[in-house]
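Each residue of the sequence shown is one higher than the one before, starting from 177 at the first, in my numbering.
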Amino acid sequence: MSSGVKEKGNVQEEILEQSGPVFSPPLYLQRYTTVRDILYKVPGIEKVVDFGCAEGNFVKYLMKLPFVTEIACVDVNEPCLEQAAYRSKPKAWDFIFKRHEALSVKIFKGNVAEKDCRFQGFNAVTCIELIEHLEADDLLPLVSNIFGYIQPKIAIFTTPNCEFNVLFPSLTGFRHWDHKFEWSRTEFKQWCEDVTNKYPDYTVDIQGIGEPPSESRNLGCCSQLAVFKIKSPLNEKIILRNDNAEEKYILIDENKFPGRVKENLRK
177 MSSGVKEKGN VQEEILEQSG PVFSPPLYLQ RYTTVRDILY KVPGIEKVVD FGCAEGNFVK
237 YLMKLPFVTE IACVDVNEPC LEQAAYRSKP KAWDFIFKRH EALSVKIFKG NVAEKDCRFQ
297 GFNAVTCIEL IEHLEADDLL PLVSNIFGYI QPKIAIFTTP NCEFNVLFPS LTGFRHWDHK
357 FEWSRTEFKQ WCEDVTNKYP DYTVDIQGIG EPPSESRNLG CCSQLAVFKI KSPLNEKIIL
417 RNDNAEEKYI LIDENKFPGR VKENLRK
């Protein structure tokens with residue numbers, strides 16, 4: 177289960193870069209902007225859940241998507257969630273320079289492998305550097321939760337490419353002490369294919385983030401990214417689910433941002 181330590185792993189990444197390839201901008205920023213830009217290009221994305229949100233660094237990027245009306249941040253580490261709640265609070269200028277749409281940012285404590293009925297109807301799921309923090313027993317329930325229960329239009333995963341690790345001379349073992357595994361490109365591709373085989377309504381596109389040095393192209397990028405997209409808008413239909421999901425997660429905080437659209441309609 178996610179321990180909420182992945183954002184602190186950004187510091188560890190920067191330390192690794194001191195003994196290996198240096199990324200500009202830093203790798204974690206490349207991940208955030210890449211995922212944000214992918215979501216921006218998908219029409220109809222209004223509700224997004226960020227599983228394994230840790231301290232909420234990525235929520236700032238989600239909040240820049242003008243047509244998103246609800247963001248849910250989920251993790252198990254309560255101190256990290258307190259930071260996420262603080263980072264997602266509106267500032268004074270948010271009430272002056274209002275968003276296009278009003279926005280609610282909810283911070284939840286919960287196990288990403290468990291289903292919560294409040295997440296039905298969410299259009300997008302992000303799992304940035306999350307799965308490698310999970311125990312093997314949680315991977316299948318996570319996949320079931322996302323693709324079998326939430327059924328978003330798009331789900332995005334990133335995870336380290338272990339083949340790249342040879343370029344970090346100071347690295348022994350995994351890139352972070354909390355990682356349970358790190359996959360090669362072949363292993364990640366197989367996992368993605370297993371998902372689409374089980375949930376054939378989805379397609380997957382695998383990409384890389386963090387280009388290797390020209391002499392090490394054979395290793396692939398430092399981070400791997402998979403974009404799963406639904407073939408038909410299942411989550412716009414009436415979907416019968418028989419698993420009787422409840423409100424499993426604990427709502428820690430909720431922050432609301434005003435929008436221009438409803439105010440204009442009232443005038």
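For glycine and all other residues, C-beta sits at the position ideal for the given N, C-alpha and C.
Classification of residue i by the beta-carbon crowding that lies within 10 angstroms, buried from 16 upward
| i | result |
| --- | --- |
| H276 | exposed |
| N440 | With a pLDDT of 46 at N440, under the threshold of 50, the predicted position of this residue should be treated as unreliable, though the coordinate-derived value follows. Exposed: under 16 other Cβ atoms inside 10 Å. |
| Q327 | buried |
| G286 | buried |
| A248 | buried |
| I307 | buried |
| I330 | buried |
| E412 | Residue placement at E412 is flagged as unreliable, the pLDDT there being 48, under the threshold of 50; the coordinate-derived value follows with that caveat. Counting Cβ neighbours within 10 Å, E412 comes out exposed, since fewer than 16 surround it. |
| Y204 | buried |
| F404 | buried |
| G349 | exposed |
| N373 | exposed |
| P336 | buried |
| K291 | buried |
| L416 | Any reading at L416 must be qualified, since the residue scores a pLDDT of 49, below 50, and its modelled position is unreliable; the value itself is stated next. Per the 10 Å Cβ criterion, exposed. |
| T379 | exposed |
| F342 | Looking at the sequence itself, residue 342 is Val, so the reference to Phe does not match. Counting Cβ neighbours within 10 Å, V342 comes out exposed, since fewer than 16 surround it. |
| D313 | exposed |
| I406 | buried |
Short Cβ contact (7 angstroms threshold) for residue i with residue j
| i | j | result |
| --- | --- | --- |
| V301 | V198 | no |
| C293 | F333 | no |
| G435 | K282 | no |
| Q206 | E231 | no |
| A261 | D429 | yes |
| F284 | V235 | no |
| I221 | N299 | yes |
| F344 | V288 | no |
| N431 | K265 | yes |
| H309 | D381 | no |
| C398 | G386 | yes |
| K356 | E311 | yes |
| F323 | Y375 | yes |
Span of the beta strand (DSSP E) around residue i
| i | result |
| --- | --- |
| P336 | I330 to P336 |
| T362 | Premise fails: T362 lies in the alpha helix (DSSP H), R361 to K374, not in any beta strand (DSSP E). |
| N431 | I426 to F433 |
| F227 | K223 to F227 |
Supposed contact pair residue j and residue i - C-beta distance, whole angstroms, cut 8 angstroms
| i | j | result |
| --- | --- | --- |
| L401 | G384 | 7 angstroms |
| K223 | G297 | 6 angstroms |
| P388 | F433 | Actually they do not touch by this definition, with Cβ atoms about 39 angstroms apart. |
| S408 | D370 | In fact, because the Cβ distance is near 21 angstroms, the residues do not count as touching under 8 angstroms. |
Opening and closing residue of the alpha helix (DSSP H) in which residue i lies
| i | result |
| --- | --- |
| I214 | L203 to Y216 |
| A261 | E254 to R263 |
| V250 | No alpha helix (DSSP H) contains V250, which is instead part of the beta strand (DSSP E) from E246 to D251. |
| D314 | A312 to V319 |
| V235 | V235 to L238 |
* Asked: Between the region 208-225 and the region 238-255, do three or more beta carbon pairs fall short of 8 angstroms?
  -> yes
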